[in-house]
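Taking it in order: structure first as structure tokens, then the write-up.
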Amino acid sequence: MNDMMQTDRLLLRRWTEQDAEALYKYASDPDVGPRAGWPVHKSAEESREIIRRYFSNDCTWAIVLQSTDEPIGT
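If you number the sequence shown the way numbering that gives the first Met the number 0 does, the last residue is 73 and the count never jumps.
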């Protein structure tokens, strides 16, 4: 199975623990998490644990802006 898919602007790839800060940036926003059905993240370490437990699988992909190499969604 391919570990990456790419368009002109976006890259779909596996989540890594190095993405924790980027995930935390969005997941700590009280207007984001609850609307998606999950609680607000309280730390980057909590986001790292979410990546380890829930995002490290064959079905969950990070949506990454190629221009910044930062995940913007899943």
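Glycine residues also receive a C-beta, built at the ideal position from the N, C-alpha and C atoms.
With a Cβ-Cβ cutoff of 8 Å, do residue i and residue j count as a contact?
i                : j             : result
valine 63        : leucine 22    : no
glutamate 16     : isoleucine 50 : yes
phenylalanine 54 : threonine 73  : yes
My understanding is that residue i touches residue j, with C-beta atoms under 8 Å, so please give their C-beta distance in whole angstroms.
i           : j          : result
aspartate 2 : proline 70 : So it is not a contact: roughly 15 Å between Cβ atoms.
Could you pull out every residue in the same chain whose Cβ sits closer than 8 Å to the Cβ of residue i, ignoring the five residues on either side in sequence?
i          : result
proline 29 : Val39
leucine 11 : Met3, Met4, Gln5, Trp60, Ala61, Ile62 and Val63
If you follow the beta strand (DSSP E) that residue i is in, where does it begin and where does it stop?
i            : result
glutamate 48 : No beta strand (DSSP E) holds glutamate 48; the alpha helix (DSSP H) holding it covers 43-49.
proline 70   : 69-72
valine 63    : 61-64
Cβ of residue i versus every heavy atom of the ligand NAD: is any distance shorter than 7 Å?
i             : result
asparagine 56 : Absent from the structure shown: the ligand NAD. Ligands present: none.
Quick one: residues in its chain with C-beta nearer than 7 Å to the C-beta of residue i, no 5 flanking neighbours on either side, listed in chain order?
i           : result
serine 27   : Val39 and His40
arginine 47 : Glu16 and Ala19
Would you give the residue range spanned by the alpha helix (DSSP H) that residue i belongs to?
i           : result
arginine 34 : 32-35
Excluding the 5 residues flanking residue i on each side, which residues of the same chain have their C-beta closer than 6 Å to its C-beta?
i             : result
valine 31     : Tyr25
alanine 43    : Ala19, Glu20 and Tyr23
tryptophan 14 : Ile50, Phe54 and Ala61
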